[in-house]
Structure formats: structure tokens, C-alpha cells
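Undergrad: Dropping a structure here in C-alpha cells format, bear with me for questions.
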Amino acid sequence: MTGDRPHRRRNPLTGRWVLVSPQRMGRPWQGDEGAVAGPAAVRHDRSCYLCAGNTRASGAVNPDYRGVHVFDNDFPALLADDYPVLIADDADWSADDPLFGAQSAAGVNRVICFSADHGLTMAQMTAAQVCAVIDCWCDQTAALGQHHANVQIFENKGAMMGCSNPHPHGQVWATAHVPDEIAEEDRRQLDYRARHAGPMLLDLASREAGGARVVVETADWLAIVPWWASWPFETLLLPRFAVQRMPQLTMGQRDSLAAALGGLLRGYDRLFGASFPYSMGWHGAPFIAADASHWQLHAHFYPPLLRSASVRKFMVGYEMLAEAQRDLTPERAADMLRAASVAAG
């Protein structure tokens, strides 16, 4: 097999395959082009529901915050933790029904404003400001993990990713159940540990270090375009030490994470000279696991841009009905991102 011929690559975290077609890189594009919106030009927007001191859609008034600010989502996807009782008492609902299986879903949804500055993205933050966000991620995960099976930290950045408000922010969803993606990663990491003795992603970090798919590399962290990447500039952020959940990170490891994260995000913005849109999120061991030693904390970044700031990748057709497909090889994508990260400083 040669890298310039069509081939498939397997994602060991999910078992899914991606079709890589590098010979299509010269394909002309006459489809939709949507411009990426830049960061807001103002530090405070009186019409923004997330800015300090403003009134939200619910009628609640934000405090005059200056750093990271967290509040319960006014329009949560999940309801209070006593909700499972309502479904458990309903004889018409059953998880065992072969066609109409159902389970209760309960949890907490919160919004994390990264700063009071309406136009300050994480890529533009100082290391200290990024550290404050990381500390918040760790604190929220620790607190919510005491009462929930899983805590999902994520950010949707940019209108292209469906972000409903341009003020830089993320979310945390804590659930009584373990979501599908986490459950599948749990099963596959556990199986890998049984077969190979070590954690899958710690082995991956060791094998990828210094290689062609590395974007940012520090003593503690590694950002790579994974071998199995489905999105053109998808990345995986990995610790180079054993750690299962965010609250376990030491202060020094959080500082080094801020440096690695800043380098990656500045590289994204530098690549096409635009505020790079993406969905990102952290995966850590579920809190119901008796033994989580097979787990490694990691973050996924899924940006939609394909060949410029106005041309994005659409997962449609074959990709919706069969399997993911990409033209740009992960190695070439990593080379481009690595150069952009170095240039961005």
C-alpha cells in the first residue's frame, strides 16, 4: 500500500474505518462557500446574553464577572436528577423492548464563559487565562462527577459549527448515563489493555512522538492529526503521562496543557488566516468505573474547514450512508498545521 493510493484506516477508539483518497486533492470546487466570521470587535456587547451584567433570555441577570463564569443553562437538554423516577414508574417505557427501547435521561447542563471579553477566543488568551479555563474544567468535572456517571466538557466555536452565541464559551453536560461515544471508547480501551498490557492512548502517544502526524509536542502533551482522522484538520490532544480524568491533573500539568492548547489553537487560526471553527471536547473515564486504569484522558478537535477559510467539509452521501472519507492525508494535514503552529509562535 502506498500513501498516494486509495486506502482505509481504522480508528482503534471506535472500530470505525475512514476511506482516504489522496488522488482527489486536485478536484475542482464549485460548491457552497461560507465565510468564517472573525472574533467580535467589541469587548462588551449590550445585546449579548453572556456578557457580564447583561440580562439573559430567561430574565436572569449575569453578575459583573471578570474571569471565567459558570451558570446553569437556561435551556437545558437534560432535566433534574429526580426525572428517572417518572419514567421508571411508567409501564409503557422499557429499555428491553426490541423495537421501541427507552431509558430515562437525567443530568445537569452548564455554560462556561471563558472570560468577560466578548471577542476574546481561547486562541487569543494568555497562558494564565487559558489556565483559568482549564481549572474550571477540572473543578466542574470533579464536582459533577460525584453525582453523575459521566461529565462531558465541550466547546462549539463559530457559527459554522452551530454556535448560538459568539461570546467565547463552552459547556459541560453531566449525565446519569454513559453516552455512546464514551461507552465505546471505554470498551475498546479496556480490550486493548487486556491484549497489550498498557493503556491504548499512552502507547499511541509513545509511538507518535516526533513523527509525521505531530502538530504540537511538549514534555507533557502531544497534539496529533490521528492516523484515522475523518475531518481534514481533526486533531487529538494527548497527555504523555498516565491520567484518567481532568481533576487528576497537577498544577504543573495544567500549565503545560495551557501552553500546548494555546499552540494548537493559534496554529489553527494561522492556517487560513481566520478564527478557526471547531467542535472540541474532553473524554475521560466515566465515574462509574471501578477500575479506570485502561483509560487515558484526551481531547478531540473536529474543525470543518477543508481547503480555505470559506470551503468546508460536508459529511454527506457516502459518508452518511457508508463510512467517512477524506482526500487530504492526515500526514499532509499535520505538516500544514505544524508549520502554522510554529509560525504563530
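Under my numbering, the first residue of the sequence shown carries the number 2, and numbering increases by one thereafter.
Beta carbons are placed, not taken as given, at the ideal position from N, Cα and C, and that holds for glycine.
(1) Buried or exposed, going by whether 16 or more other CB atoms sit within 10 Å of the CB of R246?
(2) Is it the case that the stretch 133-143 contacts the stretch 266-275, given that we only count it when at least three CB pairs across the two stretches are under 8 Å?
(3) Could you spell out the range, first to last residue, of the alpha helix (DSSP H) harbouring I135?
(4) Looking at C-alpha atoms only, which residue of Y50, R11, D118 is the closest neighbour of A42?
(5) Drop a sphere of 10 angstroms on the beta-carbon of E235, count the other beta-carbons inside from all chains shown, and report buried for 16 or more, exposed for fewer.
(6) Who are the near neighbours of R313 in its chain, counting only those whose CB is closer than 6 Å to its CB and skipping five residues on each side?
(7) If we call anything under 8 Å between Cβ atoms a contact, is V216 one with G263?
(8) Mark E186 as exposed unless 16 or more other C-beta atoms lie within 10 angstroms of its C-beta, in which case mark it buried.
(9) With C-beta atoms as the reference, is R57 less than 8 Å away from Y50?
(10) Any Cβ of chain B within less than 8 Å of the Cβ of M126?
(11) Can you check whether the CB of Q153 is closer than 8 Å to the CB of M173?
(12) Could you tell me the boundaries of the alpha helix (DSSP H) in which I183 lies?
(13) Roughly how many angstroms lie between the CA atoms of D348 and D46, to the nearest whole one?
(14) So what's D69 in DSSP terms, helix, strand or just coil?
(15) Run through DSSP, which three-state label would G171 get?
(16) Using 8 Å as the cut-off, can you tell me whether the stretch 13-28 makes contact with the stretch 228-244, which would need three or more C-beta pairs spanning the two stretches below that distance?
(17) In whole angstroms, what separates the C-alpha of S22 from that of D328?
(18) Going by DSSP, what residues sit across from Y279 in a beta bridge?
(19) Would you call the CB atoms of L238 and A224 closer than 8 Å?
(20) Say whether the stretch 186-195 touches the stretch 292-299, bearing in mind that this needs 3 or more beta-carbon pairs closer than 8 Å, one atom from each stretch.
(21) Please give the ranges of any beta strand (DSSP E) in the stretch 209-295, keeping only runs that are unbroken, at least 3 residues long and fully inside the region.
(22) Quick one: what's got a C-beta closer than 7 Å to M337's C-beta in the same chain, skipping five residues either side?
(23) How about S311 and F155: are their beta carbons less than 8 Å apart?
(24) Is A78 helix, strand or coil when you go by DSSP?
TA: With the structure as the only source:
(1) buried
(2) no
(3) 128-146
(4) D118
(5) buried
(6) P305, L306, L307
(7) no
(8) buried
(9) yes
(10) Of the protein chains in this structure there is only one, and it is not chain B.
(11) The amino acid occupying residue 173 in the given sequence is Val; Met does not appear at that position. Result yes, Cβ atoms of V173 and Q153 sit closer than 8 Å.
(12) 181-197
(13) A question about residue 348 goes unanswered here, because the residues of the chain that appear run from 2 up to 346.
(14) The identity of residue 69 in the sequence shown is Val, whereas the question assumes Asp. Three-state result, V69: coil.
(15) strand
(16) yes
(17) 5 Å
(18) K158
(19) yes
(20) yes
(21) 215-218, 222-225, 236-240, 279-284
(22) L272
(23) no
(24) coil
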